[in-house]
Each structure stands twice: as C-alpha cells, then as structure tokens.
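Residue numbers (this note's numbering), protein chains in the order written: chain A, 414 to 923; chain B, -16 to 83. See structure below.
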C-alpha cells in the first residue's frame, strides 16, 4: 500500500479506538451520575484494556502494512510495544483503584486521563509518520501533566506538575524543530510527494542518498535526539525527572517512569533504529554521504548519552534518602541500559528490556505506595527501618523487585540486562558493555540499602501495618509473577520477539 | 521574492530567543510564553519550507501544532493557577520544595 492513498482500516487502529471509547465512557458516566463509583470506573478501564489487548492479539502476526495514508503502521514492533503499554496501564489501574478513594481524589478524571495517556502511547508505537509521533506524544504528555498535579492541594504535586509541564513542552519544541528540519531535508522535486514526514518514504530517500540538504538532516536528527532525550530522561537531559517523580502521586510516578518512558523509547527506536540506522547499513560501503555521517554521529551521541545516563543515574542514586527519588535516579540509570540496546541498533533487546523494567518497577512502586500511606508521607528510607518483619509479605515483595532491578539472576531484570549487553557486545561496543556492567554493580549498593534498612535496622516509630486492598494485591501478585516468569521462562516472549516483524526490515531480514 | 534562508534564519532566531528565555526568565507565565515563541519559530520554518517546496503537508502540520499548543496552553495555565493558589507566587525560584 503506497502512502499516497487513503486507506481507512479501522481494524488497524482497533486498540486505540477501544481505549478512547473506554475513556469517553468513564467521562460520560462520571458526568451523568455526578460522581462515578471507583469500582465502575476501574472496571470500565480494565475491560477496555482487556479489549485493547484482544485487538492487539487479533492483529499479531498479520500482514505488515500501513494504513491511513501511511500514518499508522501495523507491524509486530508496534504490537509488542502496545502490549507493554496495556500491561502498564492494567497494573497501574489495579494499584490505584483503592488509592484514589483513600486520597479522596476525583475518580472519573483519574481513570479517564490514564486511558487517554494510554491511547497516546499506543499511537506513538503505531506511528509511521513524524506528525503522528508528535500527536501521540502530546496526547500522552498533556494527560500526564494533569496526572502529576492530581493532588491539587499538595505543594509537591503542584510543583511536580509545573516542572513537568514546562520541561515537557520545552522538549516538545526541540522535537518539533527536528521534525521540521527532517521534513526540509527530505525535499526532492522529482518525487511525489516532494517532501515528507513519512518514515518509510524518509528511509527510502535517505537510503538513495538524494537529499535536499545534508546539514539540515544532521541538525534535525540532533534536535530530535534532544527532544527524545528529554522524554526518556537521559543524561544530560534528566534534570527534571527526579523532581517530577518525587512530587507526583506514587501511582502516577509509576506510570510516568514506565509507561511514558517506554512510549518515548518506542518512537525513539522507530525513528533512529528503524529509519535512520536502517537507511545506512554498516556494510553498505557508503561513505562520505550525509546518511552514513548521520549513522556515525548519532551512534556516537547515543553512546555518550548511554554512558552518562547510566553513570549519573547510578552515582546520584547512592546518596538519595528518599525512596521515590532514589527510584527516579534508578529509572534514569535503566534508561541508560536501554540506550545501550539502541546503540547496538537492536530494537528487540530494547523492547524486552522495557517489558521487564515496567513490570518490576510498577511492582516496586506499588509497595512504596502502600507504605507511603495517605498523602505520600512516609517515603524516606528511614521510614523503612525495621518494617521487614512487621509486614513480611510487602517487604519480601519489595526486596524481590529491588533485587530484580539490580539484576539478580532468575528474575526479569537479569535477562533484560543480559540481552541488551549481549547485543551491544555482538555489535562491537565492548567498552560500553564494560561500563554497563560496572554500573550494574554500583547499583547493587543502593538497592541493597533499602533491603538492609527493612530487615536489619531498629523499627521506625509510628509504623502501622498497612491494610491491603484486594486490587492492589492482585496487581502485586501479577507483577511478581511477571518478574519471575520473564526471568525463569523468558523463552516464549523471546521467541515471539525473534519472529517479530517490523515494517522497515520485512523485505530483507538480517 | 524573499529567499528561503531568511525565513529559516528568522525562525532560528525566534526559536533561540525562546529557548534563552526559558533559561533566563523567572516568571512561570513568561517561561510559558517563551515556549510558545519556540513553537512559533518551528511553525515559521514549516510554513516557509512548505511554501518553498510547493507541498501542503508542512502547512497541515502547522495546524496540528497550533491545535496541540492550544490544548497544552489550557492544561498549562490550569496547572500554573493551581500552584499560584497554593503558593501565591509565580517565581520559579520559589518552587523549591523538591530539591535537586
């Protein structure tokens, strides 16, 4: 299907349609019944997500094609990421069902915004056009700006929202400028359309090396690198994330550090790995062209970003005393590990990394949410002293998640790191892998610190055993099972990934 | 006819002024306006390129950007109002509850 034709194919956007409908339904019920019951809102959201997952499954393994004038693409790359986002939102809904009520926050808007953000994320992975990436990104961002400031009377939450909003729109401006430059660089008067933002056409034009302006292409790629760098919180563009993550309500932090990060990585990989890198294969022997310069420069830039991100994230996490803040830095470090996979140009490793990371991280935040209690009051590491034996289940779960984040074998975190490092080693980035492994060793210190505090310190004063809601327990159990499943029996997922198609390489698989 | 490079130069200038403003200014609303300036710099680039190429898709993209910027402004101003209600200040230096 040529991207010039209009191809309306509602099946191709069924997951997005279902999530939007669920969001609108929640909004409507909320409006007509004055105040939606949290169970109803949560049930609608969960059913919507299950429907979206079914739609994704119905698309899986089908024909790789683009629809809606080349705006949307249906390939396994998109569907795999879509599954990650659906899992993220599913778990977030479970862990926040009781929380919204305990905090006395408006229920309808919360679940509605979550669903709209999910739709944006789904669109980001489905996008085959820079315009669509921008729209998906903004749908996600605008919904999450509001979610960050959801605790309206809490100064920390306000501040988090303002910071996220300002730095988010700042980075969007960079991304847009990059898109404008790429659009300009793609100009060729002999082709139709003469200039394009469609990624498939872009790749063809880049590969044929007929460009309007090489410098414009490089400038555009650099701007997009900055824009995406902000969105996935990589050093040196990570400054916003600890503040935003600490101030936002805990389930929202979990959502930000997993969902929106994974979505940004999806678009990031789509643009850089599947478009820019795929346009200039290393072995093609093209030298001195703008495209091979692009590949070289952006690989180097990504490598520097990966090293900085891992190192800064891990070193600064060591000195944090607030658990949420520590996990924010840990999340920066994990973005660094995922970037290692991007440097290697292996989106499969990145996708598996993100899948494992989101499951583990949401689990960890779920425990933090319960221990923090109303208003996020108990989030210092001192508050975790000695709670290990008072609430053994929670402490054990948190320990499992933290160890998995550190990368202990038999858990998802280990498999994820192994895959990323393996593909980077195979691609010849040995220094990067060594730095990654050293960083991974450093991270043990701060993860173990929390575990030691929980089990080997004098009990903190005023700790009460938290009451666990059933939905939260369900979310936790799912996260634990996911962590172990991906760590012990990752075979099926890896197999699916290995066979997964992506639109840029379906013609010629490597 | 005004050459393309002038348009691109002007939009780069607008974008840079906006970006500098985000770093220099201390008032949240002013920072927000600086971001709008950056977006308009991008819009000018797109319109100029699109006019030069004789291809409408760039101009269509500008409509998307304008629409999204409007949505963003609505949400952003609401967020700014909510922090102002709690703190009675729009200065970003006062927003230091969360330290680096």
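Here a beta-carbon is modelled for each residue, glycine too, at the ideal position from N, C-alpha and C. In this text the structure is predicted, and so the values were computed from the model without any measurement.
- Contact check for residue 546 of chain A against residue 481 of chain A fails: the beta carbons are separated by 8 Å or more.
- In this chain, residue 605 of chain A is not harboured by any alpha helix (DSSP H), its DSSP state being neither H nor E.
- Using a CB distance below 7 Å, the part of the stretch 61 to 75 of chain B facing chain A consists of 62, 63, 65, 66, 69, 70, ordered along the chain.
- Using a Cβ distance threshold of 8 Å, residue 648 of chain A and residue 721 of chain A count as a contacting pair.
- Distance from the CA atom of residue 768 of chain A to the CA atom of residue 428 of chain A, rounded to whole angstroms, is 18 Å.
- Contact with chain B is absent for residue 486 of chain A, since none of that chain's Cβ atoms lies less than 8 Å from the residue's Cβ.
- Of all alpha-carbon atoms in A:511, A:451, A:580, the one lying nearest the alpha-carbon of residue 651 of chain A is that of A:580.
- Taking the CA atoms as reference points, residue 632 of chain A sits about 23 Å from residue 39 of chain B.
- Distance between residue 709 of chain A and residue 478 of chain A, taken at the CA atoms: about 30 Å.
- At a cut-off of 3 residues, the continuous stretches assigned as beta strand (DSSP E) that sit fully inside the stretch 457 to 510 of chain A are 478 to 480, 485 to 487.
- Between the beta-carbon of residue 608 of chain A and that of residue 597 of chain A there is about 7 Å, and that keeps the pair under the 8 Å contact cut.
- Residues of the same chain with a CB within less than 7 Å of the CB of residue 18 of chain B, apart from the 5 flanking positions on each side, are 1, 5 in chain order.
- DSSP places residue 912 of chain A in the uninterrupted alpha helix (DSSP H) bounded by 904 to 912.
- At the C-beta level, residue 759 of chain A and residue 704 of chain A stay beyond 8 Å of one another.
- Excluding its 5 nearest sequence neighbours in each direction, residue 807 of chain A has C-beta neighbours in its own chain below 6 Å: 780, listed in chain order.
- Only 558, 559, 561, 562, 565, 566, 567, 568 from the stretch 557 to 568 of chain A bring a Cβ to less than 9 Å from some Cβ of chain B.
- Under the DSSP assignment, residue 718 of chain A falls in the alpha helix (DSSP H) whose first and last residues are 703 to 731.
- DSSP, reduced to helix, strand and coil, places residue 71 of chain B outside both helices and strands of the structure shown, so it counts as coil.
- Residue environment: residue 723 of chain A is assigned as buried (16 or more neighbouring CB atoms within 10 Å of its CB, all protein chains considered).
- Inter-residue distance for residue 734 of chain A and residue 535 of chain A is about 35 Å (C-alpha atoms, whole angstroms).
- Neighbours of residue 47 of chain B across chain A, judged by C-beta separation under 8 Å: 544, 547, 548.
- Three or more Cβ pairs closer than 8 Å define a contact, and the stretch 561 to 575 of chain A meets that threshold against the stretch 513 to 527 of chain A.
- Under the DSSP assignment, residue 874 of chain A falls outside any alpha helix (DSSP H); it carries neither an H nor an E label.
- Within chain A, no residue has its CB atom less than 7 Å from the CB of residue -3 of chain B, the nearest being about 10 Å off.
- Under the Cβ distance rule, residue 40 of chain B counts among the residues neighbouring chain A, one pair being separated by less than 8 Å.
- Inter-segment contact for the stretch 775 to 789 of chain A and the stretch 736 to 755 of chain A is present: three or more beta-carbon pairs are separated by less than 8 Å.
- Residue -8 of chain B is outside the set of residues whose beta carbon lies under 8 Å from a beta carbon in chain A.
- By the C-beta density criterion, residue 858 of chain A is exposed, having fewer than 16 other C-beta atoms within 10 angstroms.
- At a cut-off of 8 Å, the C-beta of residue 539 of chain A has no neighbouring C-beta in chain B.
- Not a single C-beta of chain A is nearer than 8 Å to the C-beta of residue 53 of chain B.
- At a C-beta separation below 8 Å, residue 589 of chain A has these neighbours in chain B: 22, 25, 48.
- Its chain contains 703 as the residues whose beta carbon lies nearer than 6 Å to that of residue 627 of chain A, once the 5 sequence neighbours on both sides are disregarded; these appear in chain order.
- Shortest Cα-Cα distance from residue 59 of chain B to any of B:-12, B:76, B:-11, B:11 involves B:11.
- Residue 803 of chain A is not a Cβ neighbour of residue 685 of chain A, given a cutoff of 8 Å.
- Excluding its 5 nearest sequence neighbours in each direction, residue 434 of chain A has C-beta neighbours in its own chain below 8 Å: 461, listed in chain order.
- Nearest Cα to residue 716 of chain A within the set A:837, A:634, A:786: A:837.
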